[in-house]
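Residues 81 to 589 (the numbering used here) are what the sequence shown spells out, left to right.
Cβ atoms here follow ideal geometry from the backbone N, Cα and C, with glycine treated the same way.
On a predicted model such as this, the values are computed, not experimentally measured, just so you know.
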Amino acid sequence: MPAWLNDAVFYEIYPQSFQDSNGDGIGDLNGIIRRLDDIKALGCNALWLNPCFRSPFGDAGYDVSDYCLIAPRYGTNEDAEALFAKAHEKGIRVLLDLVPGHTSWEHPWFKASMQAGENEFTSRYVWTDSIWEEPAGYGSLRGISDRDGSCAVNFFTHQPALNYGFYRPDRPWQQPMDAPGPLATREAMKQVMRFWLDLGCDGFRVDMAGSLVKGDPEGKGTIALWRDFRAFLDREYPDAALISEWGEPDKSLLGGFHMDFLLHFGPSRYNDLFRCEKPYFAGEGDASAFVAKYLDSCEKSGGKGLICIPSGNHDMDRLSRHIPSHRLKLCFAFLLSMPGAPFIYYGDEIGMRYVEHLASVEGGYSRTGSRSPMQWDDTENAGFSTAPKEKLYIPQDESPNRPTVRAQRADESSLWHEIRRLIQLRRAHPALQSEGAIAFLSDGAQGRPLAYTRTQGRQRILVALNPASRPQALPVPAGHLLYCQGDAPTLVGDTLTLAPGSAVFMQLI
Ligand code: NOJ
Ligand code: CA
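So this is what it looks like as structure tokens:
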């Protein structure tokens, strides 16, 4: 595993909504460069940028039409190089978003593969051999050209599925993983990775990583495929990091990913904590199913790689839509003290709100409200852009008390400052970093505290979190107080009593 991941704290940037530098209402790479010091001030030392490649933007850039070109609205490939270089000068790594499962239907590969006559791209996508047969289990594109076949799609209809083969082909048109077409797709994707790594990026977040090989319900083919990608990186770019959008660490980490996300879908029970009817961190929920699943994933992934817990992302509701503002700090005490590299979704560090009732933008639908432009200060458009308000990529939160970075930086008691302190605490203690071990002392059943120790070498730290609105007691090993959030606890004998909504970090002896 690249050593830099051990103390990495990531910040996810949705490029179109972060900082506009040329007044067209859309964020861009130069805007990100301008804000690197703000990211550094918070303490983050790594970025994940959502796709910024040429695209018709039917799915906000997850429909790529040229893997090796920055979309003009974000700038140029030279701007990307400058971003990598300036970020590196400041000790910040940059992951790009790789979308290996599908392209836009406007991609030249797809246009070539639509042709009736055989060519280099005939097998680049998953096509049946008759227009009358659809690829069972997948949506499809049909009747769009003279090619006699239907093409599988991965997500929206305009995102045809690239062909990595079938795990167990059982129709004549289903190709095995080692057929020339699937192998060529694999090589093409390695070329894309080489292209950006050579320009200076530090790795990739991989979109829909678990679904590349088709007819593969247990993921065995896809795991084998990723092992090959990982071997390629180990050989050619050993410092590059890979994180999967998969949500099943027992598969992704065995497949060679350095990191996998817990997500709002999949078996992880992540939603129990932050996004359900009674989220644990809102006060009265239950974290025990999450903890059981988490421990099971750790065991099944055999200690390989990192399980990463994000504050949110561009597909989920904003954290603050489900967690009351007076419990947001507690969420971050958890997120920033768990193993794995933490991921902070832009704006979550100030508790940005989900903007309700927005018209869908670029395939966002209900996700649009989590993608509104960053709120920096109290100038025009919250400092995001000098464009007229109606030209902004997505309308902003209109409330008069909308949070901003400037206001929170001026207030030591703000969420922004608390996150900064928690990151500093993590940096100063190896036990709290990505690879420190975890053992649970209390699993947060029925609103009880969540308590765990983190260990690295001889350093052992206890983290205890009480989201309930009543004090709660907990037996703890001997130690002294390292950090506390909210009202101070009492420690009598071995009984730690946590104040309502508080977090306690103890250095154990
Ligand atoms: C997951 C991405 O995060 C999401 O935004 C996108 O729409 C789908 N994959 C399809 O690429
Ligand atoms: Ca712009």
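7 Å Cβ shell around residue i - same chain, five flanking residues per side excluded
i           : result
residue 368 : 523, 524, 525
residue 426 : 91, 92, 93, 94, 98, 454
residue 355 : 344, 396, 397, 402
residue 205 : 190, 193, 231, 240, 241, 242, 243
residue 562 : 541, 585, 586, 587
Candidates the options: closest to residue i by CA position
i           : options            : result
residue 395 : 328, 233, 139, 293 : 139
residue 129 : 291, 513, 284      : 284
residue 417 : 401, 520, 170      : 520
residue 565 : 545, 557, 330, 554 : 545
residue 298 : 335, 111, 447      : 335
residue 573 : 557, 168, 362, 562 : 557
residue 303 : 589, 103, 330      : 330
residue 458 : 281, 173, 480      : 480
residue 176 : 234, 83, 220, 274  : 274
residue 276 : 317, 259, 308, 300 : 317
residue 131 : 179, 543, 172      : 179
residue 141 : 166, 110, 113, 186 : 186
residue 527 : 379, 364, 505      : 364
residue 464 : 158, 259, 486, 196 : 486
residue 236 : 279, 143, 352, 550 : 143
residue 153 : 548, 339, 137, 495 : 137
residue 169 : 216, 214, 113, 212 : 113
residue 340 : 234, 543, 377      : 377
residue 384 : 512, 551, 338      : 338
residue 533 : 559, 494, 226      : 559
residue 181 : 268, 116, 211      : 268
residue 208 : 491, 222, 200      : 222
Residue i, DSSP secondary structure in three states
i           : result
residue 329 : helix
residue 260 : helix
residue 526 : helix
residue 570 : strand
residue 147 : strand
residue 378 : helix
residue 643 : A question about residue 643 goes unanswered here, because the residues of the chain that appear run from 81 up to 589.
residue 403 : coil
residue 219 : strand
residue 334 : coil
residue 70  : The requested residue 70 does not occur in the structure, where the chain is confined to residues 81 to 589.
residue 520 : strand
residue 451 : coil
residue 533 : strand
residue 361 : helix
residue 274 : helix
Host beta strand (DSSP E) of residue i (start-end)
i           : result
residue 564 : 559-565
residue 352 : That residue, residue 352, is in no beta strand (DSSP E); its alpha helix (DSSP H) goes 351-354.
residue 293 : It is not in any beta strand (DSSP E) - residue 293 carries neither H nor E in the DSSP assignment.
residue 594 : Absent from the model: residue 594. The displayed extent of the chain is 81 to 589, so no value can be given.
residue 341 : 339-341
residue 193 : Element bounds for residue 193: not the beta strand (DSSP E) but the alpha helix (DSSP H), 188-193.
residue 323 : 321-324
residue 578 : 575-578
residue 555 : 552-555
residue 172 : Unbroken run through residue 172: none, as it is neither H nor E.
residue 425 : 423-425
Presumed contact (8 Å Cβ cut-off) between residue i and residue j, rounded CB distance
i           : j           : result
residue 247 : residue 293 : 5 Å
residue 151 : residue 125 : Rounded, the Cβ-Cβ distance is 26 Å, inconsistent with contact.
residue 326 : residue 301 : Not quite, the Cβ-Cβ distance comes to about 14 Å (not below 8 Å), so this is no contact.
residue 362 : residue 390 : At roughly 18 Å, the Cβ-Cβ gap does not stay under 8 Å, so residue 362 and residue 390 are not in contact.
residue 348 : residue 286 : At roughly 17 Å, the Cβ-Cβ gap does not stay under 8 Å, so residue 348 and residue 286 are not in contact.
residue 280 : residue 164 : 3 Å
residue 516 : residue 536 : 4 Å
residue 82  : residue 321 : 5 Å
Limits of the alpha helix (DSSP H) - the one that residue i falls within
i           : result
residue 92  : That residue, residue 92, is in no alpha helix (DSSP H); its beta strand (DSSP E) goes 90-93.
residue 503 : 495-508
residue 546 : That residue, residue 546, is in no alpha helix (DSSP H); its beta strand (DSSP E) goes 539-546.
residue 488 : 485-489
residue 415 : 408-415
residue 113 : 109-114
residue 164 : 157-169
residue 306 : 300-316
Cutoff 6 Å; reference residue i; Cβ partners in own chain excluding five residues on either side
i           : result
residue 272 : 147
residue 583 : 410, 413, 545, 565
residue 256 : 245, 249
residue 261 : 203, 243, 255
residue 400 : 431, 433
residue 96  : 106, 107, 473
residue 435 : 449, 452, 477
Neighbourhood of residue i by C-beta distance below 8 Å, restricted to the same chain and skipping five residues each side
i           : result
residue 514 : 85, 86, 87, 88, 386, 419, 420, 421
residue 466 : 100, 103, 460
Min CB distance residue i to chain D below 7 Å
i           : result
residue 289 : Judged by its chain identifiers, the structure shown contains no chain D, having just a single protein chain.
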